[in-house]
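Engineer: For reference, the structure I am asking about is given below.
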Amino acid sequence: MLCSYSPKLFFILLLHLFLANAEPIPSLPNLRKLSFHEGYTQIFGDNNLMLHHEGKKVHISLDERTGSGFRSQESYLHGFFSASIKLPSDYTAGVVVAFYMSNGDVYEKTHDELDFEFLGNVRGKDWRIQTNVYGNGSTSVGREERYGLWFDPTEDFHQYSILWTYNNIIFYVDDTPIREVERIPSSGAYFPSKPMSLYATIWDGSQWATSGGRYKVNYKYAPYIAEFTDLVLHTCGNHQALPCGSASLLSPEQRLSMESFRRRYMTYGYCYDRIRYPVPLAECHVGPERELYLMSGELRAYERRRHMKRRSWRGTADPGF
């Protein structure tokens with residue numbers, strides 16, 4: 005019996021064959037997890053910071069009185085910094101949970117910063133993640149990116165990590181790298197170069213966090229509680245799993261996973277923001293994909309809807325392929 009040739013079917017079979025023989029994506033280093041007292045100190049929020057399970061789990065909360073937060077006891081020049089975080093659920097518009105590195109307390113006008121910011125939303129809408137990088141006080145030039153997720157970050161803990169070396173900065177969600185910033189000649193002083201402390205905070209960002217400030221924190225739903233566990237502070241150079249001098253820290257499989265995530269889940273990119281930056285910044289390599297984004301750098305509405313449909317089809321599947 006003759007079979008008709010289908011290019012689509014051939015592609016699907018080829019993809020399944022590739023996945024069946026592909027090497028697994030390498031996991032992040034398995035490093036020692038600290039209790040709160042071993043590596044951190046409270047910075048504000050009095051009773052809005054609570055310790056559980058002998059300090060291995062930390063709850064920080066926001067109510068009408070105050071937010072709360074903690075920081076590492078020491079500062080670090082390069083390393084791997086990580087926490088498993090569970091975000092508040094229900095109506096969270098205006099709420100900001102931040103997991104970031106900074107030295108603004110030491111270098112007020114020339115500070116460096118690496119940000120994970122989790123931006124709350126109205127009921128029925130997803131949390132968004134924003135990453136940002138500042139160096140040497142370059143706060144007038146934002147390098148923000150925002151993303152959706154392939155899971156609900158309020159249902160369970162997920163790992164958020166920053167790997168910072170002399171040459172690279174990589175942001176991870178679970179084992180998936182979502183953004184890489186490389187030191188290049190055009191980076192200039194914006195690439196962070198001074199020791200930083202690690203921070204975790206929750207606070208009221210009503211003026212900007214949700215739809216540009218249109219939706220604000222409603223304290224009827226307070227307290228808003230963010231939960232942290234699996235806290236990791238690890239400097240480069242004292243563990244074989246952290247090759248800090250390497251020019252490239254991502255395997256080919258990890259790079260494919262990162263590129264796939266960015267295609268599917270990035271909803272804003274500063275490199276595509278032609279209003280703020282009519283001429284893209286030096287590190288931006290903009291291609292035909294720019295047409296998927298508005299002049300503002302936001303993903304076009306029809307692309308956003310397509311991304312949401314893909315998420316509903318895939319459920320909690322791995323974003324790698």
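Numbering (my numbering), first residue to last: 5 to 325.
Yeah, the Cβ is synthetic: ideal placement off N, Cα and C, and Gly gets one too.
Since this is a predicted model, take the numbers as computed values, not measurements.
(1) On the criterion of 16 or more Cβ atoms from any shown chain inside 10 Å, does E149 qualify as buried, or is it exposed?
(2) To the nearest angstrom, report how far apart S144 and S39 are at their CA atoms.
(3) Could you check whether the region 72 to 83 touches the region 198 to 209, counting it as contact only if at least three pairs of C-beta atoms, one from each stretch, sit closer than 8 angstroms?
(4) Just verifying my parser: in three-state terms, what is the DSSP assignment at E52?
(5) Identify, in the order they occur along the chain, each residue of the same chain with its Cβ nearer than 7 angstroms to the Cβ of D94, setting aside the five sequence neighbours on each side.
(6) Which residue comes first and which comes last in the alpha helix (DSSP H) that contains F40?
(7) For S108 and E295, what's the separation of their Cα atoms in angstroms?
(8) Going by alpha carbons, who is nearest to G124 out of L66, R278, L118?
(9) Sort out for me which residues DSSP pairs N171 with in a bridge.
(10) Evaluate contact between the region 84 to 99 and the region 160 to 171, counting only Cβ atoms and requiring at least three cross-stretch pairs below 8 angstroms.
(11) Got a sec, what are the start and stop residues for the alpha helix (DSSP H) R75 sits in?
(12) When the Cα of Y44 is compared with those of A193, Q258, G59, which residue comes out closest?
(13) From the DSSP output, in three-state form, read off A305 for me.
(14) With distances taken between CB atoms, is the gap from E338 to Y151 smaller than 9 angstroms?
(15) List the residues that DSSP assigns as beta-bridge partners of Y151.
(16) In this structure, does DSSP put R183 in helix, strand or coil?
(17) Who are the near neighbours of V221 in its chain, counting only those whose CB is closer than 7 angstroms to its CB and skipping five residues on each side?
(18) Taking the alpha carbon of S106 as the reference point, which residue from K37, S197, S191, E184 has its own alpha carbon closest?
(19) With DSSP as the reference, identify every bridge partner of K90, one or two as the case may be.
(20) Buried or exposed, going by whether 16 or more other CB atoms sit within 10 Å of the CB of R280?
(21) Might you give, ordered along the chain, the residues of its own chain that have their beta carbon closer than 7 angstroms to the beta carbon of D287, omitting 5 neighbours on each side?
(22) Whole angstroms are fine: how far does the CA of R132 sit from the CA of R218?
(23) What does a CB cutoff of less than 6 angstroms around M262 pick up in its chain, not counting 5 residues either side in sequence?
(24) Would you list the one or two residues that DSSP bridges to K61?
(25) What's the gap between the Cα of L35 and the Cα of P282?
(26) Measure from the alpha carbon of R147 to the alpha carbon of each residue in D130, P157, D119, then state which is nearest.
(27) Excluding five sequence neighbours on each side, which residues of the same chain lie with their C-beta closer than 8 angstroms to the C-beta of T271?
(28) Using CA coordinates, which residue listed in W168, R69, L167, Y111 is at the minimum distance from G141?
(29) Alpha carbons only, please: which of Y228, Y104, R69 is nearest the one belonging to S79?
(30) Excluding the five sequence neighbours on either side, which residues of its own chain have a C-beta within less than 7 angstroms of the C-beta of E159, listed in chain order?
(31) Could you spell out where the beta strand (DSSP E) holding M105 opens and where it closes?
(32) Taking just the CA atoms, how far does L254 sit from L260?
(33) So, at 8 angstroms on beta carbons, what are the nonlocal neighbours of L285 in its own chain, with the 5 sequence-adjacent residues on each side left out?
Structural biologist: According to the structure shown:
(1) buried
(2) 36 angstroms
(3) yes
(4) With the sequence shown as reference, residue 52 is identified as Asn, and Glu is not the correct amino acid for it. Helix at N52.
(5) R127, Y225
(6) 40 to 43
(7) Here residue 108 is Gly; the residue named in the question, Ser, does not match the sequence. In a straight line, the C-alpha of G108 is about 37 angstroms away from that of E295.
(8) L66
(9) Beta-bridge pairing links N171 to no other residue.
(10) yes
(11) Unbroken run through R75 is the beta strand (DSSP E), 72 to 76; no alpha helix (DSSP H).
(12) G59
(13) helix
(14) With the chain covering 5 to 325 only, the question about residue 338 has no answer from this structure.
(15) I133, M270
(16) strand
(17) A97, G98, V99, D208, S210
(18) S197
(19) E231
(20) exposed
(21) The sequence shown places Glu at residue 287, rather than the Asp named in the question. Cβ within range, chain order: I188, S190, S191.
(22) 16 angstroms
(23) P181
(24) H56, T233
(25) 43 angstroms
(26) D119
(27) R132, R150, Y151, G152, E302, L303, R308, H311
(28) Y111
(29) Y104
(30) none
(31) 99 to 106
(32) 10 angstroms
(33) V145, R147, Y274, C275
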